[in-house]
Every structure is written in C-alpha cells, then in structure tokens.
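Trainee: Can you read through this structure? Questions will come right after.
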Amino acid sequence: MTNPYTLNRLIEVLMLYQEGMRTAAIAVLAILAFAPLSSSSFGTEEYQESPWWEATSMDRDGDKIHDAIWLAIDSELYDWVDGENTISVIVDFDHTPTSQDQEMLEREVDFQTQFRYHLIDSIAGRIGVEDLVEASGLPGVVLIELDGILTTQMNDVNDIHGIPMIWEDTGYTGEGSVVSIIDTGIDSDHVGLDDLDDDNSTNDSKVIAFYDAVNNPDKTNGTEIKAYDDQGHGTHCAGITAGTGAPDFVNIGVAPQAQLVGVKVLDEGGSGSFATVMAGMEWTVDKRHDFNIRAASMSLGGFGLIEWTSSEEESVNRMANEMVRSGVALFIAAGNSAVSAQIGTPGSAEDVITVGALDKDTSIAVYSSQGPTEEGRVKPNIAFVGSSVMAPEANSGDGYVAYSGTSMATPGAAGLAALMYQANPDLSPFDIRNIMQETSTYRQCHYLLANEPCPEDLIPKNRQNNVYGHGHVEGLPALLEAASYVYGLNTDINLSIDSDLSEENRINLHPGESFAVSVQGSPMEVQWRTWDMRDNWMSHPDFLEGETNFEISHTMLVDRLQYLPGNQIEGNQTVMVGLFLGMTHLQT
Numbered sequence: 096m097t098n099p100y101t102l103n104r105l106i107e108v109l110m111l112y113q114e115g116m117r118t119a120a121i122a123v124l125a126i127l128a129f130a131p132l133s134s135s136s137f138g139t140e141e142y143q144e145s146p147w148w149e150a151t152s153m154d155r156d157g158d159k160i161h162d163a164i165w166l167a168i169d170s171e172l173y174d175w176v177d178g179e180n181t182i183s184v185i186v187d188f189d190h191t192p193t194s195q196d197q198e199m200l201e202r203e204v205d206f207q208t209q210f211r212y213h214l215i216d217s218i219a220g221r222i223g224v225e226d227l228v229e230a231s232g233l234p235g236v237v238l239i240e241l242d243g244i245l246t247t248q249m250n251d252v253n254d255i256h257g258i259p260m261i262w263e264d265t266g267y268t269g270e271g272s273v274v275s276i277i278d279t280g281i282d283s284d285h286v287g288l289d290d291l292d293d294d295n296s297t298n299d300s301k302v303i304a305f306y307d308a309v310n311n312p313d314k315t316n317g318t319e320i321k322a323y324d325d326q327g328h329g330t331h332c333a334g335i336t337a338g339t340g341a342p343d344f345v346n347i348g349v350a351p352q353a354q355l356v357g358v359k360v361l362d363e364g365g366s367g368s369f370a371t372v373m374a375g376m377e378w379t380v381d382k383r384h385d386f387n388i389r390a391a392s393m394s395l396g397g398f399g400l401i402e403w404t405s406s407e408e409e410s411v412n413r414m415a416n417e418m419v420r421s422g423v424a425l426f427i428a429a430g431n432s433a434v435s436a437q438i439g440t441p442g443s444a445e446d447v448i449t450v451g452a453l454d455k456d457t458s459i460a461v462y463s464s465q466g467p468t469e470e471g472r473v474k475p476n477i478a479f480v481g482s483s484v485m486a487p488e489a490n491s492g493d494g495y496v497a498y499s500g501t502s503m504a505t506p507g508a509a510g511l512a513a514l515m516y517q518a519n520p521d522l523s524p525f526d527i528r529n530i531m532q533e534t535s536t537y538r539q540c541h542y543l544l545a546n547e548p549c550p551e552d553l554i555p556k557n558r559q560n561n562v563y564g565h566g567h568v569e570g571l572p573a574l575l576e577a578a579s580y581v582y583g584l585n586t587d588i589n590l591s592i593d594s595d596l597s598e599e600n601r602i603n604l605h606p607g608e609s610f611a612v613s614v615q616g617s618p619m620e621v622q623w624r625t626w627d628m629r630d631n632w633m634s635h636p637d638f639l640e641g642e643t644n645f646e647i648s649h650t651m652l653v654d655r656l657q658y659l660p661g662n663q664i665e666g667n668q669t670v671m672v673g674l675f676l677g678m679t680h681l682q683t
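Just remember that this note's numbering sits 95 ahead of the position in the sequence shown, which is counted from 1.
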C-alpha cells in the first residue's frame, strides 16, 4: 500500500459556520507534508442546509418544546418534576450561547443554570413548568429538551481477540496512550489500577487525572480531586481497558501500560443526567491536549423512562459527535435491551464506535442491543466480548469480579485503540474506527427470537449488520494495519499559522474569513482532507508552485464538506492540511 504522509506539525483551528442565526464549529487540524495524490475540483454551489431543529423527531408538534417533556410532566414512573414544580431541561440555541444568553434565561424565566456548553449550542438547568412556553419564545432559543437520564450498561477475553499476540509479537502494551473512562469514577487505590509497574516505590500513576462532574463540577483542572468510585462500574471498565492484573496478573487489561483519565458523570446509583454526562464529555475534549487523551469509553445509555428515542439531534448525541470530530475516538456501549431497533442515546450517535457484546464462544450475547437507529442507520459498528469479564472490584483493594454486558465489551475495544495509538499516534478517530471495522471477522446475523437471516445478509457482499456490526474484532490484524500507516517527520519543510491563536490553540473562522499560513521549503502543491476522507486529498485551488504563503478559507472547506455523505457540517470537523513535495512515495 502507498502511504503519502510525512508528519510536520499539528495545529487546531476552529471554523464557525453561520447560516442565518445558526453557528457550528469545524475543527481544522494542520499540518502534514505528503507526496502526490490525484486532485479534485472544488464545488462552487452555495451551501444550503436546513437547521437540525426544523425537522427533528423530538418536536413533532413544532412547539419548540421536546415532546417528551409533556410526557415527563405526567409520568408516574419517575419524578421528573420536583416539589417546586421545576424540571431539568437543556435549552438549545441557534448560536453558541453567551453569558448574556444565560443571563437572559435567568432573568426572564428564573432559569437555574447548571452548565453552559461550547461544543454544542446549549445551556442546561432547571425551569418552572409554567415557564416552558415563555422560554421557548426567547430570542435565539430553538428547542427545549428534556434532560434525560443515562445509566450504566452492565484473561480469556483477551485470548479471543488475539490481544496476547499483540503483546508478544509487537511489544505494544499501550505505553504512551491515554484513555478517558467516562463513568462512575475509578478506584485508583486498587492494586491493578494504582500504578504502571506495580512497584510502590516508583511514581508512575495509572490514573493521571480525574474530573467529578457529579459532586465537584467546579473543580476542573483534573488534579484537584483524588480519583474515586462510589458505585464500582467505572473501576471495572477501567480495569478492562488498562488494568495491570495485579496482584496475580491473571486478569490483565487490554492495554496494561496505558494510562487513564477518570471522568465521573454517574452517581453512586449508576445514573446521571444528560447535562452532567455532557459536562464530563466536554471536559474530556477541553483537556485532551493537557493529558493526551486519544480515546474515551462510555458504558452508559438511555433507558427510555418516557419513550425510547435515539434521535441524532438529541443533545448528548450531538455532543458525542463533537467529541469524535475534535479528535477523541469515542467508544459507546450498544446497550443491553436484547431486541432490534433498541440502540439508544448516545450509542446511536453517527460518528461514535458503538460496541455490541459477544459471548466467549464469539456468538452475539443474548442481551446485546441491536440496530437500526431511529434514523435507520445500521448499528453497532463492532462486537467485542462482554460476557463474564473479570476485572477489578472497586474498593476491595485487590479483588476481582465478573460482570456481563455491553459495558464490558466497550472498554475492551477502547483498550485496543490504546494499543493502536501506541503503534501509530497520528491516527485519527475515523482511522481507528475504519481499521477496526475493516479488519473484523464478518459475522452473518440472525435477529434474536427469529429464524430468518437479517435483511442486510440477503445480499452477496458482506456488509455491516444490526447485530454484529462489521463483525468480531480481531486485535492483531487491527494493530498491524494501524502500524502500517507510518507518518514520518520531514524537517525540510515547515508550516506556520500567521493568524492569532486562542488559548486552546485555535483560530475562529466566520463565513467569508480565512486564516493565513506561511511556508518554509519549496512545496509544489497544497492539499487537504478531512479525517474521515481516508486517502482522498483535495488540492488547494489557489496555491501556485513556489509561493511562500496561502490562505485556508471558510468557503473552501464548506464547499467540499457539503458533499460528504451524512455530513451536516455542524460541529467539529477535523481537517488535515499539507504540502505536496515531489514524486517520492513512502512504501508501507
């Protein structure tokens, strides 16, 4: 296979796409140098897209209030409305909400703010039931969502996926990789999770940062709170991803030398609101450079207290997609509902890697949720062993316990991503997803309780299905494919961003704007691609050989992104920009 990439350096740029009053973010990753690929022309038609809220299934009556809110108010199954007649909601705007928008809500409808987000255009908090209609008519408000509830989705496993062959044949154990466990917390005192080398005389913590969105949401630097787990689910998942297996080294995690970041979003009962979970998700993105977070595992999902929905427009799904487009490979449990069309939020999000569960004979587990999603997309993406998985027992010191569920499958797949990132740190989240899918062993499916094959399997060509996804994950083939994408450093060229960077190493681009780039070296051509356009680079339309600078414009990016299947432009989109040096290819 031909690999044209040689890594130069990385910069992240935030592009704002505004249509009317709507603003969305597109993250641009620079910079790569590379050898020639075929060029393509840029689209010139004006980009038109309907805002997501105009046709969302969450608001079928068009009153700008989530239909589930009215059901929740009358529900006898759960106390959505408190004694003061307030309800937890997420207010969606047609722009990124500012402090002035927050003050407007608090002033006009006595809104009690909990979180204000920047990855999605929303503010979470509580509001009086009697104020819902008035709030829906405030300037910039496009929808008021119900703040739903998410809950946990509860040695031979490694053998089934060929993980020991990776350790033995390649030496990769996850060293240098960091995975975020977004769950109930992590017991960092367990001997399998307290350090990397199981030697108390060394200072090499396994858990390098911790954020508690449940009990200490204002302590955000990651080092103010010692990691803890008052429920146990997150600790079990953390051990599956990266536990060392101490003290007897029998139940070793998939990437035992990887490090972890704990993000507590679920309480001692194993549940948490959309608002709290999204706060932890956004914190993970904000801190990804500080702690080198490359992947995240979320073994949680909605359970339909009001109605079973998995709309792509739900705020937590939009946040999940933003995480991926910001550079974090996000693994989410398919769920344990055991029937078709029951992959709920946030596992139904388009860009995440949704993980189904296998029994140890590699057949699909009877409890593993099946697709499709509400929009008809095929899910899950992959399947990993999730039945009877032994991993650390929280607050036991050195105990291990076996649990089953897609919760146990998901952190295993995230551990494999840690190994892949060690082999090749320059992979994108979409590369991780594509490689895992392409190297999986395809499995024909039968829907549970049915004797007929899935409709997806009635055609000759193997394809993703709603039971196994792309199939049974194969560790070593995925690792070797990841390692083959070699990005070597080229010191003969350099790119520098001339525009001002924000504190988060970003540039804000609005419609009609550009950012300037200077070149050191002698490039023949500038090309670019988004991270999910594998090996499909686009030529810069205005760059001429020998020039020492060029501009990346808002229009140039939108003109191409509009043609990506299923791409709605909204949110963070990672784009790689690079230089065409000559006729030499790197062979891998």
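Glycine included, every Cβ here is placed at the ideal spot set by N, Cα and C.
So, with DSSP's three-state summary, where would you put Ala-308?
Mentor: In the structure shown, Ala-308 sits in coil (DSSP, three-state: anything other than H, G, I, E or B).
Trainee: Quick check: the Cα distance between Ile-388 and Ala-370, rounded to an integer number of angstroms?
Mentor: Answer to the nearest angstrom: the Cα atoms are 22 angstroms apart.
Trainee: Might you give, ordered along the chain, the residues of its own chain that have their beta carbon closer than 7 angstroms to the beta carbon of Thr-318, omitting 5 neighbours on each side?
Mentor: So the list reads Ala-304, once near-sequence residues are dropped.
Trainee: Measuring only the C-alpha atoms, how far is Ala-460 from Met-503?
Mentor: Those two C-alpha atoms are separated by around 12 angstroms.
Trainee: Any idea what DSSP makes of His-213, helix, strand or coil?
Mentor: Three-state result, His-213: coil.
Trainee: What are the start and end residues of each continuous alpha helix (DSSP H) run of 4 or more residues lying completely inside the region 300 to 385, in chain order?
Mentor: Segments of the alpha helix (DSSP H) lying fully in the region 300 to 385: 328 to 337 and 369 to 381.
Trainee: Near Val-562, which residues of its chain fall below 6 angstroms by C-beta distance, leaving aside the five closest residues on each side in sequence?
Mentor: Only Ile-459, Gln-465 and Cys-540 meet the Cβ criterion.
Trainee: Along the chain, which unbroken stretches of the alpha helix (DSSP H) at least 4 residues long are found entirely within the region 141 to 182?
Mentor: Runs found: 162 to 169.
Trainee: Where does the unbroken alpha helix (DSSP H) through Gly-570 begin, and where does it stop?
Mentor: Segment 570 to 579, the alpha helix (DSSP H) holding Gly-570.
Trainee: Using only CA atoms, which one of Ser-170, Glu-149 and Asp-254 lies nearest to Lys-684?
Mentor: This structure gives no information on residue 684, because the portion of the chain shown stretches from 96 to 683.
Trainee: Could you give the distance in angstroms between the alpha-carbon of Leu-227 and the alpha-carbon of Ile-239?
Mentor: One C-alpha to the other measures close to 8 angstroms.
Trainee: Which residue wins for smallest C-alpha separation from Glu-620, given the options Val-612, Ser-535, Phe-638 and Glu-179?
Mentor: Of the listed residues, the one whose Cα sits closest to Glu-620 is Phe-638.
Trainee: Taking the CB atoms as reference points, tell me whether Ala-333 and Gly-269 lie closer together than 8 angstroms.
Mentor: Cβ distance not < 8 angstroms, so Ala-333 and Gly-269 don't count as in contact.
Trainee: Thinking C-alpha only, which one of Asn-316, Ala-308, Ile-244 and Pro-467 is nearest Ala-163?
Mentor: If we check each option's Cα against that of Ala-163, Ile-244 comes out closest.
Trainee: Might you give, ordered along the chain, the residues of its own chain that have their beta carbon closer than 6 angstroms to the beta carbon of Ala-341, omitting 5 neighbours on each side?
Mentor: Val-286, Gly-287 and Asp-293.
Trainee: With 16 other CB atoms within 10 Å as the buried threshold, where does Gln-437 fall?
Mentor: That one is buried.
Trainee: Please state if the CB of Ser-272 and the CB of Gln-517 are separated by a distance shorter than 8 angstroms.
Mentor: Cβ distance < 8 angstroms, so Gln-517 and Ser-272 count as in contact.
Trainee: Contact between the region 436 to 451 and the region 496 to 511: three or more CB pairs below 8 angstroms?
Mentor: Output reads yes: the region 496 to 511 touches the region 436 to 451.
Trainee: Using only alpha-carbon positions, find the residue among Gly-510, Arg-211, Gly-223 and Tyr-173 that is nearest to Pro-259.
Mentor: When each option's Cα is compared against that of Pro-259, the closest is Gly-510.
Trainee: Rounding to the nearest angstrom, what Cα-Cα distance links Asn-560 and Asn-416 in this structure?
Mentor: For Asn-560 and Asn-416, the distance between alpha carbons rounds to 21 angstroms.
Trainee: Thinking C-beta only, is Val-614 closer than 8 angstroms to Leu-590?
Mentor: Yes.
Trainee: State the start and end residues of the unbroken alpha helix (DSSP H) segment that holds Gly-235.
Mentor: Gly-235 -> no alpha helix (DSSP H), and no H or E assigned at all.
Trainee: Do Gln-197 and Arg-211 have their beta-carbon atoms positioned less than 8 angstroms apart in this structure?
Mentor: Yes, the pair counts as a contact, with Cβ atoms nearer than the cut-off.
Trainee: Going by DSSP, name the residue or residues bridged to Asp-278.
Mentor: Lys-359, per the DSSP bridge assignment.
Trainee: Which residue from Glu-229, Val-184, Arg-221 and Gly-178 puts its Cα closest to that of Glu-203?
Mentor: Nearest of Glu-229, Val-184, Arg-221 and Gly-178 to Glu-203, Cα basis: Glu-229.
Trainee: Would you say Gly-396 and Gly-439 are within 8 angstroms of each other, going by their C-beta atoms?
Mentor: Cβ atoms of Gly-396 and Gly-439: closer than 8 angstroms.
Trainee: Just checking my contact of Thr-43 with His-328 at CB under 8 angstroms: how many whole Å lie between their CB atoms?
Mentor: Nothing can be reported for residue 43: it is not among the residues displayed for the chain, which extend from 96 to 683.
Trainee: Quick check: Met-515 and Ala-573, are their CB atoms within less than 8 angstroms of each other?
Mentor: Yes, Cβ-Cβ distance for Met-515 and Ala-573 is below 8 angstroms.
Trainee: Could you check which residue in Asp-187, His-605, Asp-526 and Leu-425 has the C-alpha nearest to that of Gly-232?
Mentor: The candidate whose alpha carbon is nearest that of Gly-232 is Asp-187.
Trainee: What is the C-beta distance between Ser-499 and Ser-483, in whole angstroms, given that I count them as a contact (C-beta under 8 angstroms)?
Mentor: Contact holds; Cβ gap of about 6 angstroms.
Trainee: So, helix, strand or coil for Ala-478, using DSSP?
Mentor: It is a strand residue.
Trainee: Below 8 angstroms on the Cβ atoms is my contact criterion, and I expect Val-360 with Ala-391 to pass it. Report the Cβ-Cβ distance as a whole number of Å.
Mentor: Actually they do not touch by this definition, with Cβ atoms about 11 angstroms apart.
Trainee: Taking the continuous alpha helix (DSSP H) assigned at Ser-194, which residues delimit it?
Mentor: From DSSP, the alpha helix (DSSP H) with Ser-194 extends over 194 to 204.
Trainee: Should Ala-322 and Ala-337 be called a contact, given that it needs their Cβ atoms to be closer than 8 angstroms?
Mentor: Not in contact: Ala-322 and Ala-337 (Cβ atoms no closer than 8 angstroms).
Trainee: Between which two residues does the alpha helix (DSSP H) carrying Thr-265 extend?
Mentor: Per DSSP, Thr-265 belongs to the alpha helix (DSSP H) from 258 to 265.
Trainee: Is Gly-510 helix, strand or coil by DSSP?
Mentor: Correct three-state label for Gly-510: helix.
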